[in-house]
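Residue numbers (UniProt numbering): 1 to 612.
Cβ coordinates follow ideal geometry from the N, Cα and C atoms, glycine included.
Structure first, then comments.
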Ligand code: ADP
Ligand code: MG
Ligand code: ZN
């Protein structure tokens, strides 16, 4: 087997656990047995008891006398013992008691007591072994059943009868909800659909970037329909032992059909549903699992009310067979929320949080373009934490704004001391960005400039906020975006006539934008509208793949460089022209460390008017 190591490691771990359990049981049961063993009494007490006729039975062993009294002690028949001393009178007394009080007496054979001793010591060990077997055996089966046997019912399936989530908890995904409402209705009254003869979709595939609420939506469907929810993660199917994944799929469908109507939710289905072709390494296990899934989806009767939902952020790698009609024939896009969606999501998550009256969630939503539901939930929580930290009873706007910045740029790092020279350099850099943005026409307004270092590595940053949500960007806008990105470095050049390492991130982003203009958006004259790159993993950041010859790639580089050079020059020109502005605002920034957007714009306007 491959990956034997893991198995061995587990085995050793469990062997240790097992040994520990055995030891504990032995210690405990020994204690117990000692307790039920006999209590010691003095010989004189024994004689006294005998004389009073309180003894029922006496057993003589080699060195002990075992006494069973007639009376119960603490409601139980206890056994007493005393050591044997050479008492010549003993036998006489015994026969006397026997006739007087009917006390029985006799000897215990040595053998008997030895075997009893062994038995007494053996019992706890047997118990321990039994318990150990139960535990260890189970674990063993869990790890190994794929190898030894095609184990049944080992699938880790999470069935919830009530998910407790409804569509109200999912905000900003109206289109997705709409497509899912039909499924809810179907689960409510399957007869209505089957009567007409309508075939309902067996499965719907939720597609979108991570954190947009796919898992949440699936739960909400179950919650709305009030049906059980079987969820399993794709990666849970793919185990290292052959046969397991397929067995799990089988189990899952079996269990689900018993509980119909219900929802089966396969999260991260790309883990098993990867396209089978073009896979040189070949993963038999995954392929078997996928095949099993395909055949189960064909085999089950959807009129009973079993609906399969699956989620993925990499739809393009899914096997075509999964997507054909009769399987996951419906796609529900769960995309990044727009402005309104973000406001709604913030509202949903701030419900359980005490917010101050003046909180403006829409401005927070505005400052977080591209954020997904999980980010926004996180922002609300960070804000609440900050409020607690500052001993406030409710969350105020400032908490939320700071939370946004923490998510974007990391925590403030006030203890990182910049030398005055560095601080000056950072200030000019940031004002460079801001000023270029302010003086160009197609750019987003500046929201904030700061030179307080953050934990995620930035020494300062300029935050621009779009006035409205944009879905299309023009060529002019892109050029100006690049110009703003290069404005930081340009300011350093204009002011100090030297350059620093501080612009690396700007350069990276500017280059990427310029390259995309050439290769993806058809914005260069040279290549016109020729596609030179395709984007894979659209929902996971989108890595682009070049599809052109090496010669063309070299020309792409040239074209990209041309754009960069043009923008760089433009930024320098703007800043040279407004050097006075640059100096004054940078000075102010050094003094105050943070400038808000309106403060900044006021300064720009004043200085420019003063110039004229
Ligand atoms: P995905 O499965 O798409 O990666 P999840 O459904 O696991 O994302 O979302 C993670 C968390 O983010 C949710 O538990 C929820 O708190 C929050 N969240 C995400 N999207 C939304 C949304 N549209 N409305 C409300 N909360 C959301
Ligand atoms: Mg998920
Ligand atoms: Zn910069």
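Grouping DSSP H, G and I as helix and E and B as strand, with all else coil, what is residue i?
| i | result |
| --- | --- |
| residue 621 | The structure shown does not extend to residue 621, since the chain is modelled only from 1 through 612, so no value can be given for it. |
| residue 548 | coil |
| residue 87 | coil |
| residue 43 | helix |
| residue 392 | coil |
| residue 451 | coil |
| residue 520 | coil |
| residue 602 | helix |
| residue 269 | coil |
| residue 533 | strand |
| residue 20 | helix |
| residue 431 | helix |
| residue 28 | helix |
| residue 399 | helix |
| residue 443 | coil |
| residue 141 | Caution is warranted here: a pLDDT of 43 is assigned to residue 141, below 50, making its placement in the model unreliable, and no coordinate value can be reported. |
| residue 147 | At residue 147, the pLDDT of 34 sits below 50, so the modelled position is not reliable; the number obtained from the coordinates is stated separately. DSSP places residue 147 in helix when its eight states are reduced to three. |
| residue 543 | strand |
| residue 558 | helix |
| residue 62 | coil |
| residue 462 | strand |
| residue 300 | coil |
| residue 417 | coil |
| residue 95 | helix |
| residue 467 | coil |
| residue 685 | Because residue 685 is not part of the residues shown, which for the chain are 1 to 612, the question remains open. |
| residue 4 | For residue 4, the pLDDT reaches just 35, beneath the cut-off of 50, and the residue's location in the model is therefore unreliable, leaving the point undetermined. |
Please look up how many angstroms separate the CB atoms of residue i and residue j, rounded, as I've assumed it's under 8 Å.
| i | j | result |
| --- | --- | --- |
| residue 613 | residue 192 | Not covered by the structure: residue 613. The range shown for the chain is 1 to 612. |
| residue 430 | residue 589 | 7 Å |
| residue 475 | residue 523 | 5 Å |
| residue 447 | residue 597 | 5 Å |
| residue 232 | residue 266 | 6 Å |
| residue 594 | residue 450 | 4 Å |
| residue 312 | residue 223 | Wrong, their Cβ atoms sit about 21 Å apart, outside the cutoff. |
| residue 506 | residue 489 | 6 Å |
| residue 464 | residue 441 | About 14 Å; that fails the 8 Å criterion. |
| residue 309 | residue 263 | 6 Å |
In the DSSP output, which residue or residues are listed as bridge partners for residue i?
| i | result |
| --- | --- |
| residue 69 | 55 |
| residue 104 | 57 |
| residue 572 | Paired residue(s): none; residue 572 is not in a bridge. |
| residue 474 | Its beta-bridge partners do not exist; DSSP assigns none. |
| residue 80 | 39 and 67 |
| residue 528 | 524 |
| residue 412 | 454 |
| residue 274 | 318 |
Please tell me whether, using a cut-off of 7 Å, the distance from the CB of residue i to the nearest non-hydrogen atom of the ligand GTP is below it.
| i | result |
| --- | --- |
| residue 345 | Looking at this structure, you won't find the ligand GTP anywhere; what it does contain is the ligand ADP, the ligand MG and the ligand ZN. |
Check: Is it true that the segment 553 to 568 meets the segment 582 to 592, where meeting means three or more beta-carbon pairs spaced less than 8 Å apart?
Finding: no
Checklist line | Contact between the segment 214 to 231 and the segment 339 to 349 (3+ Cβ pairs under 8 Å) | finding: No, because fewer than three Cβ pairs between the segment 214 to 231 and the segment 339 to 349 fall closer than 8 Å, the two stretches do not touch.
Checklist line | Complete beta strand (DSSP E) runs within the segment 305 to 390 (minimum length 3 residues, chain order) | finding: 306 to 312 and 330 to 333
Note to self: Under 8 Å: do the segment 422 to 441 and the segment 399 to 413 share three or more Cβ pairs, one atom per stretch?
What the structure shows: By the Cβ test, the segment 422 to 441 is not in contact with the segment 399 to 413, since fewer than three Cβ pairs between them sit closer than 8 Å.
Next item on the list: Assess, as a yes-or-no matter, whether the segment 476 to 496 is touched by the segment 561 to 580 under the definition of 3 or more beta carbon pairs within less than 8 Å.
Entry: yes
Check: Can you list the beta strand (DSSP E) stretches of 3 or more residues lying completely in the segment 151 to 214, in chain order?
Finding: With a minimum length of 3 residues, the continuous beta strand (DSSP E) runs that stay inside the segment 151 to 214 are 158 to 160 and 203 to 207.
Margin query: Please give me, in chain order, every unbroken run of the alpha helix (DSSP H) with length at least 4 that falls completely inside the segment 476 to 526.
Written below: 504 to 519
Next item on the list: Inspect the CB distances between the segment 253 to 263 and the segment 194 to 208 and report whether three or more fall short of 8 Å.
Entry: no
Check: Can you find at least 3 beta carbon pairs, one from the segment 387 to 397 and one from the segment 345 to 363, that sit closer than 8 Å?
Finding: yes
Check: Is the segment 81 to 93 close to the segment 57 to 70, with three or more CB pairs under 8 Å?
Finding: yes
Next item on the list: Count the CB pairs spanning the segment 319 to 336 and the segment 353 to 362 that are closer than 8 Å, and state whether there are at least three.
Entry: no
Checklist line | Any 3 or more C-beta pairs closer than 8 Å across the segment 49 to 56 and the segment 91 to 105 | finding: yes
Margin query: Three Cβ pairs or more, each shorter than 8 Å: is that satisfied between the segment 495 to 515 and the segment 170 to 179?
Written below: no
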